[in-house]
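Quick note on numbering: the sequence shown equals residues 1 to 299 in full-length UniProt numbering.
Glycine included, C-beta positions come from ideal geometry on N, C-alpha and C.
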Amino acid sequence: MPITDPDTRVRLGRLLDAVEPLLAQLNQSLLVAREPDWTASAFRWQRRQTPFGSVGELHAIHRPATLRLEDLQNVDEQKRLVEANTRQFVRGLPANNVLLTGARGTGKSSLVKACLPTFRDEGLRLIEVDKAQLTDLPEIVECIQHRPERFIIYCDDLSFEQGEGAYKALKTVLDGSLAGQADNVLIYATSNRRHLMPEMLSENLQASHQDDGEIHPGETSEEKVSLSERFGLWIAFYPFRQDDYLAVVAHWLRHFGADEAAIGLARADALRWALERGSRSGRVAWQFARDWAGRVGLS
1 MPITDPDTRV
11 RLGRLLDAVE
21 PLLAQLNQSL
31 LVAREPDWTA
41 SAFRWQRRQT
51 PFGSVGELHA
61 IHRPATLRLE
71 DLQNVDEQKR
81 LVEANTRQFV
91 RGLPANNVLL
101 TGARGTGKSS
111 LVKACLPTFR
121 DEGLRLIEVD
131 KAQLTDLPEI
141 VECIQHRPER
151 FIIYCDDLSF
161 EQGEGAYKAL
171 KTVLDGSLAG
181 QADNVLIYAT
191 SNRRHLMPEM
201 LSENLQASHQ
211 DDGEIHPGET
221 SEEKVSLSER
231 FGLWIAFYPF
241 RQDDYLAVVA
251 HWLRHFGADE
261 AAIGLARADA
271 LRWALERGSR
281 SGRVAWQFAR
291 DWAGRVGLS
């Protein structure tokens, strides 16, 4: 029913004028990110929903993974490269963004996580970012670029499908925008794809060649390569040989308290375990050792 009384309309107008700035202030307060617990050594970027929209925040992880670099077996060269690059970074020296690619289960993600306990006391902090939130990377960098700690932004199992636009935000942070790169931020990413995007046979048809034989790849291929090239350090991981796999199995069995005799007896079971899964890798070795330790504990 319309309000016809002039005095009532005036009072309502004054009430709305008084409430409007309060609503704006409430809206602004709800959309302001809460200060994270900076005493933590690991964080996860998450978006919090509010009645007025979503806001991105760093959520502290108070019990991060405790994997050590010495626990990673048969990836000595990869471990040396990552450890050296991270040491340069935490000591304020030039260092590169890192892309770890290759066979599944061979230690790519574990190697990144193992850097945290190794360099935590030197100021290293780890931020886990899901691929779906890569568009928030500029916002994340803005939150941490003036902090005294050294931050590695960690993107696990990174890959893009045709048409996805999140990789553009990643490219911007890797190379820096007009604002320049933050001195205390690096990106470490793992992927099963060397160029982070699927490669199609049709892209070869886009290539052209000159009369002198020089080959020019198609624009699609150039776009894919341009993203991976922004990582200064590429580190490849390869499937384990049988002896490598058994060596990792032995390491983890010792971790769970097995003696050398028990390790020898477990060899055939370990090979059967890998055969059933169609893979010989550090992850499969760890899973077998856990299963073995559980069965021994029950018996």
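Original post:
Nearest to W45 by alpha carbon, out of L99, E128, I144, I235?
Top reply: E128
**OP:** Going by CA-CA distance only, name the one from D71, T106, L137 that's closest to A114.
**Re:** D71
**OP:** Spatial neighbours of residue 300 within its chain, please: CB distance less than 8 Å, with the 5 preceding and 5 following residues excluded, ordered by chain position.
**Re:** Examination of residue 300 is not possible in this model, given that the chain is present from 1 through 299 alone.
Subject >> Close beta carbons around L69, own chain, < 7 Å, minus the five adjacent residues each side >> reply: K79, E83, A114, T118
Subject >> Of the residues L111, W252, D259, L253, the one placed nearest I152, counting alpha carbons only >> reply: L111
**OP:** Please state if the CB of N85 and the CB of L233 are separated by a distance shorter than 8 Å.
**Re:** yes
**OP:** Identify, in the order they occur along the chain, each residue of the same chain with its Cβ nearer than 6 Å to the Cβ of R125, setting aside the five sequence neighbours on each side.
**Re:** S41, E149, F151
Subject >> L99 vs F231 beta-carbon contact at 8 Å >> reply: yes
Original post:
Less than 8 Å separating the beta-carbons of R147 and N184?
Top reply: yes
Subject >> Beta-bridge partners of H59, as assigned by DSSP >> reply: R44
Subject >> Sub-8 Å separation of residue 300 and V249 beta-carbons >> reply: Here the chain covers residues 1 to 299 and nothing more, so residue 300 does not appear.
Original post:
Buried or exposed: which applies to T39, given that a residue is buried once 16 or more other Cβ atoms fall within 10 Å of its Cβ?
Top reply: exposed
Original post:
Can you tell which of I140, G257, N192, A274 has its C-alpha closest to the C-alpha of F240?
Top reply: A274
Subject >> Span separating the alpha-carbon of P64 from that of R120 >> reply: 11 Å
**OP:** Let me know the secondary structure DSSP gives S54 once reduced to three states.
**Re:** strand
**OP:** Using DSSP bridges, identify the partner residues of W234.
**Re:** L99
Original post:
Thinking C-beta only, is N192 closer than 8 Å to R104?
Top reply: yes
Original post:
Which same chain residues, not among the five before or five after V284, have their C-beta less than 8 Å away from its C-beta?
Top reply: G105, Y245, W273, A274, R277
Subject >> Residue ranges of each alpha helix (DSSP H) within the segment 109-147, 4 or longer >> reply: 137-144
**OP:** Just confirm the distance between the C-beta atoms of L265 and W292, as a whole number of angstroms; I'd bet it's less than 8 Å.
**Re:** Going by Cβ atoms, the distance from L265 to W292 rounds to 10 Å, so no, they are not a contact pair.
**OP:** List the whole-angstrom C-beta distance separating T101 from D156, where the pair is believed to meet the contact cut-off of C-beta under 8 Å.
**Re:** Actually they are not in contact, since the Cβ atoms of T101 and D156 sit about 12 Å apart, beyond 8 Å.
Original post:
Of the residues A261, D259, R280, which one's Cα is nearest the Cα of Q242?
Top reply: R280
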